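J.:
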Amino acid sequence: MSEYAKPLPRITELNEPHWEGAKRGEFLVQRCTACGHIWFPPSPNCSDCLSEDYEWTALSGTGTVYSFIVYHQGWLAGYRDELPYNVAIIELDEGVRFINNLVGVDNDAIEVGMRVEVVFEEVAADVVVPRFRPAAS
Amino acid sequence: MSLADSVLGKVCIVGVGATPQGSLPDHSADGIAIWALREALADSGLSKEDLDGLIVQPSFGGQGDIKEIGHRLGVEPRVGSNLSHHGAVIQYAAMLIASGMAEVVACVYGTNQRTNRNRFGSSVYHLGGNFDDVYGLSNPGAVAAFNYRRRMHDFGATEEQLGAVAVAQARAAALNPLAVYRQPLSLDDYLDTRYVIAPLRLVDFCMVNDGGFAMILTSPERAADLPVQPVTIVGMGAQSSFLELEHPNSMYHPSQLPNAELLWGASGLGPEDIDALYVQESYTPNVLSALENYGFCEFGTAQDWIQSGRIELDGDLPVNPHGGQNRMTYMVGWHNTFDAVKQLRGEAEEPERQLAGLETVLCTFSTGHWQSTWSLIYRGGA
Numbered sequence: 001m002s003e004y005a006k007p008l009p010r011i012t013e014l015n016e017p018h019w020e021g022a023k024r025g026e027f028l029v030q031r032c033t034a035c036g037h038i039w040f041p042p043s044p045n046c047s048d049c050l051s052e053d054y055e056w057t058a059l060s061g062t063g064t065v066y067s068f069i070v071y072h073q074g075w076l077a078g079y080r081d082e083l084p085y086n087v088a089i090i091e092l093d094e095g096v097r098f099i100n101n102l103v104g105v106d107n108d109a110i111e112v113g114m115r116v117e118v119v120f121e122e123v124a125a126d127v128v129v130p131r132f133r134p135a136a137s
Numbered sequence: 138m139s140l141a142d143s144v145l146g147k148v149c150i151v152g153v154g155a156t157p158q159g160s161l162p163d164h165s166a167d168g169i170a171i172w173a174l175r176e177a178l179a180d181s182g183l184s185k186e187d188l189d190g191l192i193v194q195p196s197f198g199g200q201g202d203i204k205e206i207g208h209r210l211g212v213e214p215r216v217g218s219n220l221s222h223h224g225a226v227i228q229y230a231a232m233l234i235a236s237g238m239a240e241v242v243a244c245v246y247g248t249n250q251r252t253n254r255n256r257f258g259s260s261v262y263h264l265g266g267n268f269d270d271v272y273g274l275s276n277p278g279a280v281a282a283f284n285y286r287r288r289m290h291d292f293g294a295t296e297e298q299l300g301a302v303a304v305a306q307a308r309a310a311a312l313n314p315l316a317v318y319r320q321p322l323s324l325d326d327y328l329d330t331r332y333v334i335a336p337l338r339l340v341d342f343c344m345v346n347d348g349g350f351a352m353i354l355t356s357p358e359r360a361a362d363l364p365v366q367p368v369t370i371v372g373m374g375a376q377s378s379f380l381e382l383e384h385p386n387s388m389y390h391p392s393q394l395p396n397a398e399l400l401w402g403a404s405g406l407g408p409e410d411i412d413a414l415y416v417q418e419s420y421t422p423n424v425l426s427a428l429e430n431y432g433f434c435e436f437g438t439a440q441d442w443i444q445s446g447r448i449e450l451d452g453d454l455p456v457n458p459h460g461g462q463n464r465m466t467y468m469v470g471w472h473n474t475f476d477a478v479k480q481l482r483g484e485a486e487e488p489e490r491q492l493a494g495l496e497t498v499l500c501t502f503s504t505g506h507w508q509s510t511w512s513l514i515y516r517g518g519a
């Protein structure tokens, strides 16, 4: 495996549970214990009720492509060497949206609304990055 | 008290100034801002001693700060402050004047981002920032690219349809002596232009350059003593928004809807009263959102509505008749107010560029990085 040149996660106290979960094959997001709202990427408080009490909960890892773009010019290390590459907004079945990449599919074959599922890529020693691929069925 | 009672009709722009746009390698951002202010003061017939307000928008990277500019100007105005966006600057200046807190307010912006190579390409867009680069998300244009891809899905929009914006703006810029990019662009040229972030092409993006603009605002009473034809603020709207890309309602600039409601409600005007529209686009899809959210066409139809020259200089609704942020100059909205005033005064530099029968103009402002919006309606005369 050639060395992974793309930016690695910068672990913080706030986001660490998400990246630790990825190592176990779980896609973890925050869930407010006061009102039940779920959100991602990590933020210190619930944007619905402003509570700072939350827990980390594993989501299904299945969802759809809400929108996607294809970079033909690159600014970031690693990605610059893989043009053109895609970035997608994924909407999980629980309603949470976030930025990610689609793997295992040609950029020309990506469609808005496509069903996708999470795949956990070990990109470096002890670093696992969740990405998404077309759903099996 | 409503906006109509307090501000609308009670504030005029009585001077505008511009530096050359493009590369100004021998000038600091502060120096460029002061250069623009010298031009605006000369235009208004006022002197720096007349200023009791000085509002500055620092440029990206923090240059152009009120303290440095105020010091270099050698003025001690009653009110001096930085604000984050052009729309907010003009509206604050208007409120200072309408309230009596100040009588003559200068609004100033200068940047040398091209010379400094202070650009946005590798900047991450949103608050989830420490996830963005892991997944390759960079450049605020990505937001507009997601927006247009979704429009293609939701409304059947095509890449060819989007080309109408870049073609119209290139045609306008070709006639504008201040424009940085004046080369013509046909629809075929557009479709031959390389992708930067598909579905957007190079000419769908604004490009960073150096330059500055300044405006002088005062009351209609004070304006009556000045040698210049005033332009009056007759409508204002604003709506802050901090939605992220992840939010279910983030795609089509939804903050423009309540902004438009305030704008039209307080002014008593509507889209049918607007003779020309200036959109701070940054990226071409933003023109489509503005046309829909301010009510010029039905939601989901702007990609059809803009065809057949409708938004070109001689169309039903000229949009960005200066060439926009993409083709005229990277001046984050300041160029809109400048050109609107010149057009309303009948002073477009070339006759072919002067809009005929122009009375009422809408300027809308937003940003590529976040979703807050501002709007102003200007009318020629006091």
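Residue numbers (the numbering used here), protein chains in the order written: chain A, 1 to 137; chain B, 138 to 519. Beta carbons are placed, not taken as given, at the ideal position from N, Cα and C, and that holds for glycine. The structure presented is a predicted model; accordingly, all values stated were derived computationally and were not measured.
May I ask which residues mark the beginning and end of the alpha helix (DSSP H) holding R251/B?
T.: Residues Q250 to N253.
J.: Alpha carbon to alpha carbon, how far is C35/A from G273/B? Give it in angstroms, no decimals.
T.: If you take the alpha carbons of G273/B and C35/A, they lie about 33 angstroms apart.
J.: Check whether chain B comes within 8 angstroms of L28/A, counting only Cβ atoms and requiring the distance to be less than that.
T.: no
J.: Chain B beta carbons: is any one of them nearer than 8 angstroms to that of F132/A?
T.: no
J.: May I ask you to verify whether the region 233-249 of chain B touches the region 186-202 of chain B, counting CB pairs closer than 8 angstroms and requiring at least 3?
T.: yes
J.: Quick one: residues in its chain with C-beta nearer than 7 angstroms to the C-beta of T252/B, no 5 flanking neighbours on either side, listed in chain order?
T.: Excluding residues within five positions, the ones whose Cβ falls inside 7 angstroms are S160, L161, P162 and D347.
J.: When you compare only the Cα positions, how much space is there between T466/B and I150/B?
T.: 21 angstroms
J.: Buried or exposed for Q228/B, going by 16 or more other Cβ atoms inside 10 Å?
T.: The residue in question, Q228/B, is buried, as its Cβ has 16 or more Cβ neighbours within 10 Å.
J.: Please report how far the alpha carbon of W75/A lies from the alpha carbon of P84/A, in whole angstroms.
T.: 12 angstroms
J.: Going by beta-carbon coordinates alone, are V340/B and L324/B separated by less than 8 angstroms?
T.: no
J.: Does S426/B come out as helix, strand or coil in the three-state DSSP assignment?
T.: Three-state DSSP puts S426/B in a helix.
J.: Using a beta-carbon distance cut-off of less than 7 angstroms, what residues from the region 324-352 of chain B approach chain A?
T.: Cβ contacts with chain A come from R331, Y332, V333, I334 and A335.
J.: If we count the other Cβ atoms within 10 Å of its Cβ and call it buried at 16 or more, is M373/B buried or exposed?
T.: buried
J.: How would you call M138/B, buried or exposed, if buried means at least 16 neighbouring beta carbons within 10 angstroms?
T.: exposed
J.: Where does D476/B fall in DSSP's three states?
T.: helix
J.: With a threshold of 8 angstroms between beta-carbons, can A439/B be considered close to chain A, or not?
T.: no
J.: Check distances from the C-beta atoms of the region 3-35 of chain A to those of chain B and list, in chain order, the residues that come in under 8 angstroms.
T.: K6, P7, L8, P9, R10, T12 and N15
J.: Spell out the partners DSSP gives I89/A in its beta bridges.
T.: S67/A and I99/A
J.: By Cβ distance below 6 angstroms, which residues in the same chain neighbour G446/B in space, the five residues on each side in sequence not counted?
T.: G452.
J.: For D93/A, which residues from the same chain have a beta carbon less than 7 angstroms from its beta carbon, with the 5 sequence-adjacent residues on both sides left out?
T.: S60, T62 and G63
J.: At what residues does the beta strand (DSSP E) containing N219/B begin and finish?
T.: V216 to N219
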